[in-house]
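Engineer: Pasting a structure here, questions to come.
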Amino acid sequence: MSCKQGSCGGGSCGGADRPAAEAATACHDDRDWAPASEGIVENEASRREFLCALAGCAAALAGGCSEITHTPFFQKRFRELSAEERAAFVADLEREHSARFHKPVKVGLQEAKEGVLFGYALDISRCIGCRRCVYACVDENNQSRDPQVHWIRVLEMEKEKGIDFAHANAYYEADTVPRPGHFYVPVACQQCENPPCVKSCPVGATWKEPDGIVVIDYDWCIGCRCCMSACPYGARHFNWKEPEIPEAEMNPNTHALGNRPRMKGVVEKCTFCIQRVRDGRYPACVEVCPVGARKFGNLLDPSSEVRYVLEHKRVFVLKGELNTRPKFFYFYGL
Amino acid sequence: MRTSIVSLWGLFAMLACGCQPDHGEGPLWSGGTTASPAPASDMEIEVPPPPFTEGVFPCTDCHDPEIPVNARRRAMKTAHQEIVLEHDQEHRWCLDCHSAENRDKLHLASGELVDFTESYRLCGQCHGDKYRDWRAGAHGRRSGNWDGKKTYLLCVNCHNAHAPAFRPLKPKPAPRRPQRADQPSGAPAESASQEGAHQ
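Top to bottom, those sequences are chains L and S.
The first sequence: position 58 = 58 (the numbering used here), numbered continuously.
The second sequence: position 124 = 1124 (the numbering used here), numbered continuously.
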C-alpha cells in the first residue's frame, strides 16, 4: 500500500521530534500515487516546498506555505502553542478564511471538558442507507466537494452474509432504500481508545484528546498517509488537490482541530463534529438521521443515551479483534 | 443478549485502565457498576408542535359538540379522505385514539384525555418497549444538546399515526469512485486500497 515499510513502517520514519521537512522528503515518494492530471501542479508544489524548506516553514509544506507565512507560530505544533499563541493563530486563520469566503469565519479552540468521554452508537436495525448523514457531514465539516471527500461511508451488506467487509458496497444506487435483502453499515472514524493511526504518524500530527476525540494538526501533517494505511476502517481521507468548498455553503462555525478549511496534501477525518460537541451540541449526523439511528453522548454519564444503549441493547464494535477499542458502537435497537 | 453486554463491560474495564500516557489528566472510565436509571417518569420532554396539516386544528372548528359522533367503521367521504387506517385496523377504529367528546384531544384506555402535544403517551400504551427506548433516547431522535436541553421528535414526526410503517426513502447520490493516476478516467479504481482498507 501507500505506506512503504522502509519509509515509515513501525515508526522508523523519525521520531516525533524530527523536523517535518526531512520526514516529508522521506515519505515524499508516496506522491507518485497522485493523479496524473496533477503533474503540473505537483511540480509547482515541489518548487514551493523547496523554497519553503529553505525558509524553514516546513510544516506548511503540503498546503503551500504562501498562505501561512504570515503566521508567526506555524513552526510549532498546535499542541505546543501557549494560550496566547493559539489565540493569535486562530485569529490569523479567521482573517484568512473570512477574506477567502467573504463572511465572518470563526475558528474555535473549545477544549475538552473534564468528566467527558464521547461515545457514539448506531442502530443498524434502523439504518436504511439513505446517506443523509454523509452529506450533512460534508456541509457541516467543510469537506471538499471536488475532489470529493466523504468522512462517512455507508456500506451496503447482504443480510445473508452478515457483517462482511469484503463484499460491502459503498456505491449502491437505488430508487428507494432499504433495498430488499440488504442492511447498511455507515462507517466513519471509530474514535479508537487505542488508535493505530496515532501510533503510525511519524511526526505526531495526530493524537487522542482527553475527551476521546482523535484530532489532526493540519499544519503539522506532512501528508505521508501512514495513518491512512494504519486505520483498519478506511476512515481517514487525503486531500489530493486543493479542497473546493462553495463559498455559500462553507460553514463558518469551525474548530481549529476540526472543520476549519483544510489544505491540499493533508489528511482529515471525522471528529464527532468537535466544533459542535464541545459546545454541548449533538453532531450533525445525529440530528439529520431520518430514522433516528444515530446516538451520541458522554460515556461517563450513566444517564446518557449511549450508556442506555450499551446497557440495554445488543452491541458490537467493528473489527474488535484488532484491539483498537472503538468508542463508536453498533447496536440492534429492535 | 446478556453475554454481549457482559463482554462489553469487559471492554470498558479495559478502557478504564488502558493508560493514556500523554493525557494523564484525562478522564477515566468510571467503572461498570452503575446501573442506568430508568428514565424518570416526571421527566420534562420537549417536543416540536404536532405535525398537523394546515387548517385541520382545532378539530372542534368542525367537530361541534352538536354534531353527532359517527363511530361506524367506514371510508371517510366528506372529509379526511386521505386517512386510510393501516394500523392494526382489524381491531381499531378512529375513536379508540381520538376522543369522541372532545375532538381536540386523544384519549387513553383509562379514559384520560391527552393533548396532541403528548401523543407519545397514547402510542406508549401499546408500544411500551419503544416508548421506554424513546424516553431514554435509544428510539427516535433527539436534537439540541447532548449535555443539556434537547428536543425529542414525536413518534408521529416519523410514523404516520394512521399508517405507521416507515416509508422507504430515495437515497442521496452514491460517492464517486476514486480514480488513480495510472487508470484512464472512468475506469473503476481498486478503490478500497486507498479509501477503505476494509479487507
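For each residue, glycine too, the CB sits at the ideal point set by N, CA and C.
Closer than 6 angstroms: is that where the CB of LYS269 (chain L) sits relative to any heavy atom of ligand 2?
Structural biologist: Ligand 2 is absent from the structure shown, which contains no ligand whatsoever.
Engineer: Considering only C-alpha positions, which residue in the set L:PRO196, L:PRO261, L:ALA293 is nearest to ALA235 (chain L)?
Structural biologist: Your numbering for residue 235 (chain L) matches position 235 in the first sequence. Selected option, being the one with the closest Cα: L:PRO196.
Engineer: Please report the distance separating the alpha-carbon of LEU322 (chain L) from that of GLN191 (chain L).
Structural biologist: Against the first sequence, residue 322 (chain L) aligns to sequence position 322. Against the first sequence, residue 191 (chain L) aligns to sequence position 191. Approximately 14 angstroms, taken between the alpha carbons.
Engineer: I'd like to know whether the C-beta atoms of CYS221 (chain L) and VAL266 (chain L) end up nearer to each other than 7 angstroms.
Structural biologist: The count along the first sequence starts at 1 and reaches residue 221 (chain L) at position 221. The count along the first sequence starts at 1 and reaches residue 266 (chain L) at position 266. Yes, Cβ-Cβ distance for CYS221 (chain L) and VAL266 (chain L) is below 7 angstroms.
Engineer: Establish whether the CB of HIS102 (chain L) and some CB of chain S are separated by less than 7 angstroms.
Structural biologist: Taking the first sequence and counting its residues from 1, one reaches residue 102 (chain L) at position 102. No, no contact with chain S.
Engineer: Between CYS192 (chain L) and chain S, is any beta-carbon pair separated by less than 7 angstroms?
Structural biologist: Counting from one through the first sequence, the residue named residue 192 (chain L) turns up at place 192. So, not an interface residue.
Engineer: Say whether chain L places a C-beta atom closer than 7 angstroms to the C-beta of ARG1141 (chain S).
Structural biologist: Within the second sequence, numbered from 1, the residue matching residue 1141 (chain S) stands at position 141. True, the Cβ-Cβ gap to chain L drops below 7 angstroms.
Engineer: Which term fits GLN143 (chain L), buried or exposed, when burial requires 16 or more other beta carbons within 10 angstroms of its beta carbon?
Structural biologist: For this step, residue 143 (chain L) is matched to residue 143 along the first sequence. By the 10 Å Cβ count, GLN143 (chain L) comes out buried.
Engineer: Thinking C-alpha only, which one of L:SER304, L:LEU81, L:LYS76, L:LEU93 is nearest HIS255 (chain L)?
Structural biologist: Along the first sequence, read from residue 1 onward, the residue named residue 255 (chain L) stands at position 255. Measuring from the Cα of HIS255 (chain L), the nearest candidate turns out to be L:LEU93.
Engineer: Per DSSP, what kind of secondary structure is TYR330 (chain L) in: helix, strand or coil?
Structural biologist: Position 330 of the first sequence holds residue 330 (chain L). Strand, per DSSP.
Engineer: Going along chain L in order, which residues have a C-beta closer than 7 angstroms to the C-beta of LEU974 (chain S)?
Structural biologist: Given a span of 1001 to 1199 for chain S in the structure shown, any question on residue 974 (chain S) remains unanswerable.
Engineer: Take every Cβ of the segment 178–193 of chain L, pair it with every Cβ of the segment 274–283 of chain L, and state whether three or more of those distances are shorter than 8 angstroms.
Structural biologist: Output reads no: the segment 274–283 of chain L does not touch the segment 178–193 of chain L.
Engineer: Output yes if chain L places a C-beta closer than 7 angstroms to the C-beta of ASN1157 (chain S); else output no.
Structural biologist: Within the second sequence, the letter at position 157 stands for residue 1157 (chain S). So no, ASN1157 (chain S) is outside the interface.
Engineer: From the DSSP secondary-structure annotation, give me the bridge partner or partners of GLU267 (chain L).
Structural biologist: The sequence position of residue 267 (chain L) within the first sequence is 267, counting from 1. The sequence given here has Val at residue 267 (chain L), not Glu. Answer is L:PHE238.
Engineer: With a threshold of 7 angstroms between beta carbons, is PHE183 (chain L) in contact with chain S?
Structural biologist: Position 183 of the first sequence, counted from the start, is the residue given in the question as residue 183 (chain L). Chain S contact via Cβ: absent.
Engineer: Taking the C-alpha atoms as reference points, what is the distance between GLY108 (chain L) and VAL215 (chain L)?
Structural biologist: Taking the first residue of the first sequence as 1, we reach residue 108 (chain L) at position 108. Taking the first residue of the first sequence as 1, we reach residue 215 (chain L) at position 215. Roughly 14 angstroms separates the two Cα atoms.
Engineer: Between ASP1129 (chain S) and CYS1059 (chain S), is the Cβ-Cβ spacing less than 7 angstroms?
Structural biologist: Start at 1 with the first residue of the second sequence, and residue 1129 (chain S) comes out as number 129. Start at 1 with the first residue of the second sequence, and residue 1059 (chain S) comes out as number 59. The answer is no: Cβ separation not under 7 angstroms.
Engineer: Do you know offhand how far GLY320 (chain L)'s Cα is from HIS1159 (chain S)'s?
Structural biologist: Position 320 of the first sequence, counted from the start, is the residue given in the question as residue 320 (chain L). Position 159 of the second sequence, counted from the start, is the residue given in the question as residue 1159 (chain S). Approximately 35 angstroms, taken between the alpha carbons.
Engineer: What three-state label does DSSP hand THR254 (chain L) in the structure shown?
Structural biologist: Numbered from its first residue, the first sequence carries residue 254 (chain L) at position 254. Strand, per DSSP.
Engineer: Where does TRP207 (chain L) fall in DSSP's three states?
Structural biologist: For the purposes of this step, residue 207 (chain L) is taken as the residue at position 207 of the first sequence. Strand at TRP207 (chain L).
Engineer: Using a Cβ cut-off of 7 angstroms, pull out every chain S residue sitting near LYS295 (chain L), in sequence order please.
Structural biologist: Residue mapping note: residue 295 (chain L) aligns to position 295 of the first sequence, counting from 1. Those within 7 angstroms of LYS295 (chain L) in chain S are GLY1137, ALA1138.
Engineer: Is ARG1103 (chain S) helix, strand or coil when you go by DSSP?
Structural biologist: What you label residue 1103 (chain S) is simply residue 103 of the second sequence in a count that begins at 1. ARG1103 (chain S): coil per DSSP, three-state reduction.
Engineer: State the DSSP-derived secondary structure class of THR1151 (chain S), mapped to helix, strand or coil.
Structural biologist: For the purposes of this step, residue 1151 (chain S) is taken as residue 151 along the second sequence, with counting starting at 1. Three-state DSSP puts THR1151 (chain S) in a strand.
Engineer: Any chance the segment 286–304 of chain L sits against the segment 150–159 of chain L, with 3 or more Cβ pairs inside 8 angstroms?
Structural biologist: With a cut-off of 8 angstroms, the segment 150–159 of chain L and the segment 286–304 of chain L do not count as touching, because too few Cβ pairs lie within range.
Engineer: Give me, in chain order, the residues of the same chain whose beta-carbon lies closer than 8 angstroms to that of VAL90 (chain L); leave out the 5 immediate sequence neighbours on both sides.
Structural biologist: In the first sequence, residue 90 (chain L) corresponds to position 90, counting from 1. Excluding residues within five positions, the ones whose Cβ falls inside 8 angstroms are VAL107, GLY108, LEU109, ALA256.
Engineer: Rounded to a whole number of angstroms, what is the C-alpha to C-alpha distance between LYS327 (chain L) and GLU193 (chain L)?
Structural biologist: Taking the first residue of the first sequence as position 1, residue 327 (chain L) is located at position 327. Taking the first residue of the first sequence as position 1, residue 193 (chain L) is located at position 193. Rounded to whole angstroms, LYS327 (chain L) to GLU193 (chain L) spans 7 angstroms at the Cα level.
Engineer: Quickly, what does DSSP pair ILE216 (chain L) with across the bridge? List them, please.
Structural biologist: Here residue 216 (chain L) refers to the residue found at position 216 of the first sequence. According to DSSP, which records beta bridges pairwise, ILE216 (chain L) is partnered with L:THR206.
Engineer: In the DSSP assignment, find the unbroken beta strand (DSSP E) run with GLU84 (chain L) in it and report its ends.
Structural biologist: Within the first sequence, residue 84 (chain L) is the residue found at index 84, counting from 1. Not the beta strand (DSSP E): GLU84 (chain L) falls in the alpha helix (DSSP H), residues 83–101.
Engineer: Shorter than 7 angstroms from the beta carbon of TRP1146 (chain S) to some beta carbon of chain L?
Structural biologist: Reading the second sequence from its first residue, position 146 is the one you call residue 1146 (chain S). Yes, TRP1146 (chain S) lies at the interface with chain L (some Cβ there is under 7 angstroms from its Cβ).
Engineer: What residues from chain S crowd round ASN298 (chain L), counting only those whose CB sits closer than 9 angstroms?
Structural biologist: As a position in the first sequence, residue 298 (chain L) is number 298, starting the count at 1. Those are TRP1146, ASP1147, listed as they occur along chain S.
Engineer: How far does the beta strand (DSSP E) with ARG1072 (chain S) in it reach, from first residue to last?
Structural biologist: Residue mapping note: residue 1072 (chain S) aligns to position 72 of the second sequence, counting from 1. ARG1072 (chain S) -> no beta strand (DSSP E), and no H or E assigned at all.
Engineer: To the nearest angstrom, report how far apart PHE101 (chain L) and MET250 (chain L) are at their CA atoms.
Structural biologist: Residue 101 (chain L) sits at position 101 when you count from the first residue of the first sequence. Residue 250 (chain L) sits at position 250 when you count from the first residue of the first sequence. If you take the alpha carbons of PHE101 (chain L) and MET250 (chain L), they lie about 7 angstroms apart.
Engineer: Once DSSP output is grouped into helix, strand and coil, what is the label at ASN323 (chain L)?
Structural biologist: Taking the first residue of the first sequence as position 1, residue 323 (chain L) is located at position 323. If DSSP states are grouped into helix, strand and coil, ASN323 (chain L) belongs with coil.
Engineer: Leaving out five residues on either side along the sequence, give the residues of the same chain with a beta carbon under 6 angstroms from the beta carbon of ILE163 (chain L).
Structural biologist: By one-based count along the first sequence, residue 163 (chain L) stands at place 163. There are no such residues.
Engineer: Put GLU38 (chain L) into one of helix, strand or coil per three-state DSSP.
Structural biologist: Here residue 38 (chain L) is taken as the residue at index 38 of the first sequence, counted from 1. Caution is warranted here: a pLDDT of 34 is assigned to GLU38 (chain L), below 50, making its placement in the model unreliable, and the coordinate value is therefore given only provisionally. Reduced to three states, the DSSP call for GLU38 (chain L) is helix.
Engineer: What does a CB cutoff of less than 7 angstroms around SER1099 (chain S) pick up in its chain, not counting 5 residues either side in sequence?
Structural biologist: Numbered from 1 along the second sequence, position 99 holds the residue referred to as residue 1099 (chain S). Contacts found: LYS1105, LEU1106, HIS1107, LEU1113.
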